[in-house]
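First up is the structure itself, then whatever we jot down about it.
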Amino acid sequence: MSACLVLTGLSARAGECPTDFDTTVAARGLDGHGDIALADGRTLRLAALADIGTAADPARRAALKALVAGRRLDLASADSTPDRYGRLAALARLPDGRLVQEAMLAEGLAVARPEAGYLGCMPGLLAAERPARAARLGVWAQWPLKAEPPAALAQAAGHFSVVTGRVRTVGSTRRVDYLNFGPVWRQDTTVKVDSSVRPALAARGLAPAGLAGREITLRGTVDLVDGPVIDLRWAEQVDEVAEASGP
Numbered sequence: 016m017s018a019c020l021v022l023t024g025l026s027a028r029a030g031e032c033p034t035d036f037d038t039t040v041a042a043r044g045l046d047g048h049g050d051i052a053l054a055d056g057r058t059l060r061l062a063a064l065a066d067i068g069t070a071a072d073p074a075r076r077a078a079l080k081a082l083v084a085g086r087r088l089d090l091a092s093a094d095s096t097p098d099r100y101g102r103l104a105a106l107a108r109l110p111d112g113r114l115v116q117e118a119m120l121a122e123g124l125a126v127a128r129p130e131a132g133y134l135g136c137m138p139g140l141l142a143a144e145r146p147a148r149a150a151r152l153g154v155w156a157q158w159p160l161k162a163e164p165p166a167a168l169a170q171a172a173g174h175f176s177v178v179t180g181r182v183r184t185v186g187s188t189r190r191v192d193y194l195n196f197g198p199v200w201r202q203d204t205t206v207k208v209d210s211s212v213r214p215a216l217a218a219r220g221l222a223p224a225g226l227a228g229r230e231i232t233l234r235g236t237v238d239l240v241d242g243p244v245i246d247l248r249w250a251e252q253v254d255e256v257a258e259a260s261g262p
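Residue numbers 16 to 262, in the numbering used here, belong to the letters of the sequence shown in order.
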C-alpha cells in the first residue's frame with residue numbers, strides 16, 4: 016500500500032465556517048425532495064453536505080426525519096439569501112449540541128461537500144465522516160469509486176462522488192490543468208483543475224504538474240463530456256494523494 020498525504024486537516028481558513036447559531040427554527044419534517052420542511056413554511060438545505068443518492072432513499076429519509084422532526088434547530092448560515100429553489104442553506108445544530116450534518120455523516124448517509132462559505136467547516140465534517148468510511152457504512156460500502164474504467168464511473172454522471180485512481184498524465188493551459196486517468200483523454204476520466212486552485216495545491220506540495228503517476232482520491236460531481244469529468248474548484252475536494260515515489 017502506498018504511503019499517502021492525508022489532506023483533510025490542512026484547508027481550514029479563518030472566517031469560512033459559520034459559528035454564530037443565532038437563528039432558531041422548528042422542523043416539521045421532510046419535503047418531497049428530502050430537504051427539511053420548517054414550521055414557518057420555509058425549507059432548509061443542509062449546507063456542505065451531499066446526499067448519497069436520491070431523496071427517496073428510505074434509509075436516509077428515515078434517519079434524517081428521526082433526527083429533526085418536531086425539534087428546534089439552531090442555524091448558522093454563511094448567506095441568508097435563499098437559493099434559486101427558495102431554500103435556506105445552513106449548518107443545523109440539534110438541542111443536544113450535535114450538528115445534523117455530523118450525525119448524518121457518522122452513519123454514512125451523506126458525504127461532506129466543499130461549498131462556498133463553508134470551506135473552513137470541512138476538517139470537522141471530514142472527521143465526522145471518517146469512522147463511517149473506515150467501517151464501510153452506508154455509501155462507503157461502495158465508495159470511493161474507481162476512476163478507471165470510465166464506463167463504470169460514467170454511471171455516476173450527475174452525482175456527487177468520491178473517486179480514486181492513478182493520474183497517468185497532466186496537461187496544462189494558462190487557465191486549466193487536466194489530470195488524465197487514462198491514455199485516451201476523449202473517453203477516459205479527467206479532472207479539470209481551475210487555475211484559481213493552483214496556489215492552494217502548490218502550497219501543499221501538490222502542484223498539478225507533479226501529480227502525474229500518483230494515486231489521488233478526490234470528491235466532486237461527475238459530468239460526462241466525452242468521458243467522465245470532475246471539476247476541481249477548491250483544494251478541499253482533494254482527500255489524499257500518494258507520496259511521490261523516489262527517482
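We put the CB at the ideal spot given by N, CA and C, even for glycine.
- Message: Taking CB distances under 8 Å as the criterion, tell me whether W155 reaches chain B.
- Response: The structure shown contains no chain B; it is built from a single protein chain.
- Task: Taking the CB atoms as reference points, tell me whether P223 and V208 lie closer together than 8 Å.
- Result: yes
- Cβ-based burial, G235 [other Cβ within 10 Å; buried from 16]: buried
- With a CB to CB cut of under 7 Å and the five nearest residues on each side skipped, what residues in its chain are close to P97? L103
- Check whether G180 and A156 have beta carbons under 8 Å apart: no
- Message: If I follow the unbroken alpha helix (DSSP H) through P33, where does it start and stop?
- Response: Segment: none, P33 is in no alpha helix (DSSP H) and carries neither H nor E.
- Task: With DSSP collapsed to three states, give me the class of E258.
- Result: coil
- Alpha carbon to alpha carbon, how far is V154 from P138? 19 Å
- Is Q252 buried or exposed, if buried means 16 or more other CB atoms sit within 10 Å of its CB? buried
- Item | S176, buried or exposed, once every other Cβ within 10 Å from all chains shown has been counted against 16 | buried
- Item | Nearest-angstrom Cα separation, counted from V256 out to L22 | Because the pLDDT at L22 is just 47, under 50, the model does not fix this residue reliably, and the value given afterwards should be weighed accordingly. C-alpha separation (whole angstroms): 8 Å.
- Is the Cβ-Cβ distance between T39 and D111 less than 8 Å? no
- Local Cβ density within 10 Å of R151, reported as buried at 16 or more and exposed below that: By the 16-neighbour rule on beta-carbons within 10 angstroms, R151 is exposed.
- Query: Alpha carbon to alpha carbon, how far is A131 from L61?
  - Reply: 13 Å
- Taking the C-alpha atoms as reference points, what is the distance between Y100 and R57? Distance between the alpha carbons of Y100 and R57: 11 Å.
- A8: buried (16+ other C-beta within 10 angstroms of its C-beta) or exposed? Only positions 16 to 262 of the chain appear in this structure, which leaves residue 8 out of reach.
- Query: For V126, which residues of its own chain have a beta-carbon under 6 Å away from its beta-carbon, when the five flanking residues on both sides are left out?
  - Reply: Closer than 6 Å at Cβ, skipping near neighbours: A65.
- Query: Which residue comes first and which comes last in the alpha helix (DSSP H) that contains L140?
  - Reply: 137–150
- Task: Sort out for me which residues DSSP pairs K161 with in a bridge.
- Result: T179.
- Could you name the residues of the same chain whose beta carbon sits closer than 8 Å to that of A63, not counting the 5 residues immediately before and after it, in chain order? L106, Q116, A127, R128, P129, E130, Y133, C136, M137, L140
- Item | Start and end residues, alpha helix (DSSP H) containing L79 | 73–83
- Item | Minimum length 4: unbroken alpha helix (DSSP H) runs contained in the segment 79–132 | 115–121
- Item | Span separating the alpha-carbon of D203 from that of G186 | 14 Å
- Start-to-end residues for the alpha helix (DSSP H) that takes in R213: Start and end: 213–218.
- Message: Shorter than 7 Å, the distance from the beta carbon of T39 to the closest heavy atom of the ligand NAP, or not?
- Response: In the structure on display, the ligand NAP does not appear, and there are no ligands present to speak of.
- Message: Judging by CA-CA distance, which residue of D94, D37, G173, A81 is the nearest neighbour of L239?
- Response: G173
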